[in-house]
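To convert, count from 1 in the sequence shown and add 863; that's the working numbering.
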Amino acid sequence: MAVRWLTAFTLALVCFAAYADEVTLRAVSGFNPGTTFSSNFEAFIKRVNERGKGVVQVHYVGGGGKVMDPFQMGNALKTGVVDIANLPGSFYTNVVPEADALKLIPGSVSKLKGSDVYKLLEEAHNKKGQAHLLARQKTLVPFHLYVNKKIAGMDLSDLKLRTTPIYAPFFTAMGATVVRLAPGDIYTALERGVVDGYGWPLQGVFDLGWQEVTKFRVDPGFYNAADEILVNLTKWNGLAGPQRAILEEAGAWMERSGDADDLEINRKEDERQRKQGIQIITLIGEQRDKYLKLADETAWQAVIKAAPEYGPKLKQALSKQ
């Protein structure tokens, strides 16, 4: 069956190439090229370009602030300035407020497809962001709080923390003063004492040298660090079937290979941080439970406030999965 499908797919590509021009899509990432949260996306692009010759290609413009403000990439996708973007939900809540819920939703697009959760997410992205949700990466990677002042519990009132919309309500609920900075500005802000810490996934601390200016990591982790691979909806709808198929296959491949690797990468990253001298502050027992409960409650409150139409529906649909 698989061989028969592959043969038919290959023939379709050959026939398609005979009468259609190759389409080139412009892509950006919210993170610097070669770093943890761009590398899987770059592998996705490479696979599309290898398998889509004569059919569809992706031109990678680059990533991070050198390309454009990462927090404006969602709008650039919506308006067609770019065709594909690799972004965490927090980077485009200004366009799709529902994207803030993505940190609470486990699983790849391949696993979510057909579910009420995916249908609601796709509908919100289509309607508000002019975007199609193609794939996800890093859904098995938790966020952590990293600080340069030792804390004894959940009182962060003496701390200024770099945040994004992902965890700003959570940190604010614990008393922190929050500061919004692009990833490329975090090192200097820590070095100069502009901020006392930051929220970031377990992976990626070493990408921009933050281990040099980080003293403590707070455990347990919370939420998930998913990045979404989005395609401009008008562009997506204008693609032929074989072109879409190549993008979908590469997205599903990226999800499978990424999930298979991430648990081991998490283990190695934890070990590496400890060896570097980052000390672990571990919340246990009732304090741990309160910490995680507050993370969840503040997240859903923020989602429902920002997205009153879809927020409650997403929460209900997720509770049934």
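Glycine residues also receive a C-beta, built at the ideal position from the N, C-alpha and C atoms. Everything numeric in this text was worked out from a predicted model, so none of it was measured.
Exercise. Given G1104, which residues of its chain have a CB within under 6 angstroms of its CB, disregarding the five upstream and five downstream residues?
Worked result: In the sequence shown, the residue the question calls residue 1104 occupies position 241. Here the set comprises nothing.
Problem set entry | Selection from K991, V972 and T1026 that minimises the alpha carbon distance to L958 | One-based indexing of the sequence shown puts residue 958 at position 95. Checking the displayed sequence, the identity of residue 958 turns out to be Val instead of Leu. Of the listed residues, the one whose Cα sits closest to V958 is K991.
Exercise. Fully enclosed by the segment 969 to 1002, which alpha helix (DSSP H) runs are 4 residues long or longer?
Worked result: 972 to 975 and 979 to 992
Problem set entry | Environment of K941 [buried if 16+ CB atoms lie within 10 Å] | One-based indexing of the sequence shown puts residue 941 at position 78. With 16 or more Cβ atoms within 10 Å of its Cβ, K941 is classed as buried.
For this session: Measure the C-alpha to C-alpha separation of E1149 and K1156 and round it to an integer number of angstroms.
Result: The residue given as residue 1149 occupies position 286 in the sequence shown. The residue given as residue 1156 occupies position 293 in the sequence shown. The alpha-carbon atoms of E1149 and K1156 are separated by roughly 10 angstroms.
For this session: Please classify I1141: does DSSP put it in a helix, a strand, or coil?
Result: Position 278 of the sequence shown, counted from the start, is the residue given in the question as residue 1141. DSSP places I1141 in coil when its eight states are reduced to three.
Problem set entry | Classification of D946 by the beta-carbon crowding that lies within 10 angstroms, buried from 16 upward | As a working note, residue 946 is residue 83 in the sequence shown. So D946 counts as buried.
Problem set entry | Alpha-carbon spacing of E1118 relative to G977, whole angstroms | Reading the sequence shown from its first residue, position 255 is the one you call residue 1118. Reading the sequence shown from its first residue, position 114 is the one you call residue 977. Between E1118 and G977, the C-alpha separation is close to 17 angstroms.
Problem set entry | Secondary structure of K1023, DSSP reduced to three states | Start at 1 with the first residue of the sequence shown, and residue 1023 comes out as number 160. Of the three classes helix, strand and coil, the one that applies to K1023 here is strand, per DSSP.
Problem set entry | Contacting residues, own chain, Cβ-Cβ under 6 angstroms from V1094 (five flanking each side not counted) | The residue labelled residue 1094 in the question sits at position 231 within the sequence shown. So the list reads I947, H995 and L997, once near-sequence residues are dropped.
Exercise. Does the distance from the C-beta atom of V1010 to that of L1065 stay below 7 angstroms?
Worked result: Stepping through the sequence shown from its first residue, residue 1010 is reached at position 147. Stepping through the sequence shown from its first residue, residue 1065 is reached at position 202. Taking 7 angstroms as the Cβ cut-off, V1010 and L1065 do not qualify as a contacting pair.
For this session: With DSSP as the reference, label Y1009 as helix, strand or coil.
Result: Position 146 of the sequence shown, counting from 1, holds the residue named residue 1009. Looking at Y1009 - three-state DSSP - the assignment turns out to be strand.
Problem set entry | First and last residue of the uninterrupted alpha helix (DSSP H) at V1166 | Position 303 of the sequence shown, counted from the start, is the residue given in the question as residue 1166. Taken as a continuous stretch (DSSP letters only), the alpha helix (DSSP H) holding V1166 covers G1148 to A1169.
For this session: Give every residue of the same chain whose Cβ lies closer than 6 angstroms to the Cβ of V1068, excluding the five residues on either side of it in the sequence, and list them in chain order.
Result: Mapped onto the sequence shown, residue 1068 falls at position 205. Cβ within range, chain order: Q1074.
Exercise. What residue range is occupied by the uninterrupted alpha helix (DSSP H) comprising N1100?
Worked result: On the sequence shown, position 237 is the one that residue 1100 refers to. Start and end: L1096 to G1101.
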